[in-house]
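Undergrad:
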Amino acid sequence: MVIETRTPEETFALGERIGRNARPGQIYTLVGDLGVGKTVFTQGVAAGLDIHEPISSPTFTIIQEYESGRLPFYHFDVYRIGDIEEMEEIGYDDYFFGEGICLIEWANLIEEILPENLIKVRIEKDLQQGFDYRRITIEGMDGEEGADIK
Ligand code: ADP
Ligand code: MG
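So the number in the working numbering is just where the residue sits in the sequence shown, counting from 1, plus 25.
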């Protein structure tokens, strides 16, 4: 599924629809260059889960946990990870195989430990379409959920 946005608000709104429809145990992986809108999208997902505290990028902590929403929300940003060991140290499998929602920015950097069942989100710019244009490709969502977020 491909969705195009032309403002940060539209990307946020897409994330929000996804958050509203998210189900326990889902893992969303997020890839795309620096500044493409991964965190904007994540903030939308959090809002859709009824989390109303500020969401910033947990760049120096790898993971930020939010328990105030409809479901536990685990926001990973693995951009600065040096070694996959760091994921072991934080006990990542409790998050990946738990009942909350995991969302992983820069998931391509930890490919070797990702489970098979993922919802993959890729965000890309296309400068020919304008500076704020984003093409957001989502794979791995079932038909019902896909229809709800379109
Ligand atoms: P990342 O987490 O991928 O590094 P951020 O979400 O922190 O990126 O930043 C994205 C930046 O791009 C923000 O400053 C946002 O305002 C801007 N932006 C412009 N157009 C869009 C769009 N269509 N969708 C998302 N963000 C956009
Ligand atoms: Mg970010």
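The beta-carbon is built from N, C-alpha and C at its ideal position, and this holds for glycine as well.
Values in this document were obtained by computation on a predicted structure and should not be read as measured data.
Mind listing which residues have their beta carbon within less than 5 Å of any non-hydrogen atom of ligand 1? Chain order is fine.
TA: T30, P33, T36, L59, G60, V61, G62, K63, T64, V65, D157, R159
Undergrad: Any idea what DSSP makes of I129, helix, strand or coil?
TA: strand
Undergrad: So I115 packs on F98, CB below 8 Å; how close in whole Å?
TA: So it is not a contact: roughly 16 Å between Cβ atoms.
Undergrad: Does T86 pass the burial test, meaning 16 or more other C-beta atoms within 10 Å, or should it be called exposed?
TA: exposed
Undergrad: Excluding the five sequence neighbours on either side, which residues of its own chain have a C-beta within less than 6 Å of the C-beta of G40, listed in chain order?
TA: F66, G69, V70
Undergrad: Can you grab the Cα-Cα spacing for the pair G94 / C127, in whole Å?
TA: G94 and C127 have their C-alpha atoms some 13 Å from each other.
Undergrad: Short of 7 Å in beta carbon distance, which residues of its chain neighbour E137, apart from the five on each side in sequence? Order them along the chain.
TA: I109
Undergrad: Quick check on the DSSP output: the alpha helix (DSSP H) that includes K63 runs from which residue to which?
TA: 63-73
Undergrad: Please classify R105 as buried or exposed, where buried requires at least 16 neighbouring CB atoms within 10 angstroms.
TA: exposed
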